[in-house]
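Working notes for the structure below.
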Amino acid sequence: MRRVLVTGGAGFIGAWIAGALADRGWSVRVFDMTADRRIGRDLLGPRMDAFEWVVGDIAAAGTLEAASRDCSLIVHLAAVLTPFCAAEPVRGAEINVLGTLRAFEAARANGIGRVLVMSSAGVFGPAHADHPEPATLYGAWKLAGEGIGRAYAAMHGIDSVSFRPLVVYGPGRETGLSAGPTLACRAASRGEPCVIGFSGICDLVYVADVAAAFAAAAEGSAPGASVFNLPGAVVEVAEVAREIMRQAPGAEITVDGPPLPIMGVIPDNGVHAMFPGLTRTGLADGIAATLAHYRARA
Ligand SMILES: NC(=O)c1ccc[n+]([C@@H]2O[C@H](COP(=O)([O-])OP(=O)(O)OC[C@H]3O[C@@H](n4cnc5c(N)ncnc54)[C@H](O)[C@@H]3O)[C@@H](O)[C@H]2O)c1
Numbered sequence: 070m071r072r073v074l075v076t077g078g079a080g081f082i083g084a085w086i087a088g089a090l091a092d093r094g095w096s097v098r099v100f101d102m103t104a105d106r107r108i109g110r111d112l113l114g115p116r117m118d119a120f121e122w123v124v125g126d127i128a129a130a131g132t133l134e135a136a137s138r139d140c141s142l143i144v145h146l147a148a149v150l151t152p153f154c155a156a157e158p159v160r161g162a163e164i165n166v167l168g169t170l171r172a173f174e175a176a177r178a179n180g181i182g183r184v185l186v187m188s189s190a191g192v193f194g195p196a197h198a199d200h201p202e203p204a205t206l207y208g209a210w211k212l213a214g215e216g217i218g219r220a221y222a223a224m225h226g227i228d229s230v231s232f233r234p235l236v237v238y239g240p241g242r243e244t245g246l247s248a249g250p251t252l253a254c255r256a257a258s259r260g261e262p263c264v265i266g267f268s269g270i271c272d273l274v275y276v277a278d279v280a281a282a283f284a285a286a287a288e289g290s291a292p293g294a295s296v297f298n299l300p301g302a303v304v305e306v307a308e309v310a311r312e313i314m315r316q317a318p319g320a321e322i323t324v325d326g327p328p329l330p331i332m333g334v335i336p337d338n339g340v341h342a343m344f345p346g347l348t349r350t351g352l353a354d355g356i357a358a359t360l361a362h363y364r365a366r367a
């Protein structure tokens, strides 16, 4: 059976991707600094317990080499998000930059020819999405990760695909700067008020679409290092609040905060041409699915 190592598999997107890969016949081994399977159990049920699990720090020497033995693919998601990177830059760089380097080194050590990497639209600054110009340490380090991928393709023939979503939302997204849309759905389903803490125009991609993109890329794509923006639905954040209140009458969702320091509209630079058939869930459908998840648990 083909085996995949998913770094960061205990987290929100990691659990979704692990589930999507398992659905397609991959044997999943999770590597994460935590042994806590709660997010995945909530999303995938007992299937989460079937995954092999290795606890370790991605920044530490040697751990990933051992964890990725017998794998034919590494999906690298383990990272800390924007607030952590701003608060603890040195530790943030160890995890996000050194950790990505270690993922590629582990691939090289074990003869693994493909790595899928979670980059971010945070590589773009607030002014435009014509070319990367990050305004945060998080974005700068995601951009460094893309460069690491290109270097390993050139130096060692390791193929990689990096994806750049902006705000990923959906069941399980409960931490980070842009968790507001999901937290608002959770609050609405519990009858609690909620303030979404950022505003402006923003691209929101539903998490199942992200998982589907990784699952498609796991089957192969062009050789070398490819980087794809992963656009979803471009919306005014106030529209997210209105849509939640439309679907959950009586909910009190407001928006209060600055825009994210990232251009809100990111172009499609070929992901749908490379992986035909990928879904692009609209806002209303994504909110409906997220509300349904939290209503079932309210
Ligand atoms: N959530 C979004 O909107 C979004 C958007 C773009 C990109 N991303 C990227 O997607 C990936 C997953 O993000 P998420 O939203 O699921 O976050 P998350 O915090 O839920 O998951 C990250 C996982 O990485 C693990 N991790 C952190 N430091 C580690 C370390 N030193 N060693 C091993 N594991 C470690 C955490 O324990 C966690 O399980 C990250 O690379 C993130 O930068 C997220």
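Numbers given in the numbering used here equal positions in the sequence shown, counted from 1, plus 69.
Don't be surprised by glycine CBs; every beta carbon is placed ideally from N, CA and C.
Inter-residue CB distance, residue i and residue j (contact presumed, cutoff 8 Å)
i	j	result
residue 272	residue 250	No, residue 272 and residue 250 are not in contact; Cβ-Cβ is about 12 Å, not under 8 Å.
residue 252	residue 317	13 Å between Cβ atoms; not a contact.
residue 184	residue 172	6 Å
residue 275	residue 245	That belief does not hold up - the Cβ atoms of residue 275 and residue 245 are roughly 16 Å apart, past 8 Å.
residue 155	residue 168	At roughly 17 Å, the Cβ-Cβ gap does not stay under 8 Å, so residue 155 and residue 168 are not in contact.
residue 297	residue 340	4 Å
residue 307	residue 142	Rounded, the Cβ-Cβ distance is 40 Å, inconsistent with contact.
residue 364	residue 294	With a Cβ gap of about 42 Å, residue 364 and residue 294 do not count as contacting.
residue 116	residue 91	6 Å
residue 322	residue 193	Contact doesn't hold; Cβ gap of about 27 Å is too wide.
Counted within 10 angstroms of its Cβ, other Cβ atoms place residue i as buried (16 or more) or exposed
i	result
residue 109	buried
residue 70	exposed
residue 324	buried
residue 103	exposed
residue 51	Absent from the structure is residue 51, since the part of the chain shown begins at 70 and ends at 367.
residue 368	The requested residue 368 does not occur in the structure, where the chain is confined to residues 70 to 367.
residue 224	exposed
residue 174	buried
residue 234	buried
residue 309	buried
residue 261	exposed
residue 255	buried
residue 291	exposed
residue 129	exposed
residue 119	exposed
residue 243	exposed
residue 228	buried
residue 180	exposed
residue 159	exposed
residue 139	exposed
residue 289	exposed
residue 135	exposed
residue 367	exposed
residue 101	buried
residue 241	buried
residue 400	With the chain covering 70 to 367 only, the question about residue 400 has no answer from this structure.
residue 257	buried
residue 342	exposed
residue 78	buried
residue 80	buried
residue 131	exposed
residue 226	exposed
Query raised in the report: How about the segment 259 to 267 and the segment 191 to 203: do they share at least three Cβ pairs that are nearer than 8 Å?
Result: no
Query - 4 or more residues per run - each alpha helix (DSSP H) lying fully within the segment 125 to 168 - result: 132 to 136, 151 to 156, 158 to 162
**Report entry** Cβ pair count under 8 Å reaching 3, the segment 210 to 226 against the segment 347 to 357
**Finding:** no
Requested in this report: Specify whether the segment 272 to 289 and the segment 80 to 88 touch according to this definition: at least 3 beta carbon pairs, one from each stretch, less than 8 Å apart.
Outcome: yes
**Report entry** alpha helix (DSSP H) runs wholly inside the segment 331 to 362, at least 4 long, in chain order
**Finding:** With a minimum length of 4 residues, the unbroken runs of alpha helix (DSSP H) contained wholly in the segment 331 to 362 fall at 340 to 343.
Report task. Taking only runs that begin and end inside the segment 169 to 214, name each unbroken beta strand (DSSP E) of 3 or more residues, in chain order. Result -> 183 to 187
Query raised in the report: Counting only runs that start and end within the segment 248 to 324, where is the beta strand (DSSP E) found for 3 or more residues in a row?
Result: Correct list: 263 to 265, 270 to 275, 294 to 298, 302 to 305, 322 to 324.
Query raised in the report: When the Cβ atoms of the segment 91 to 101 are set against those of the segment 72 to 83, are three or more pairs found closer than 8 Å?
Result: Under the Cβ criterion (8 Å, minimum of three pairs), the segment 91 to 101 counts as touching the segment 72 to 83.
Query - Inside the segment 77 to 107 only - beta strand (DSSP E) runs reaching at least 3 residues - result: 96 to 101
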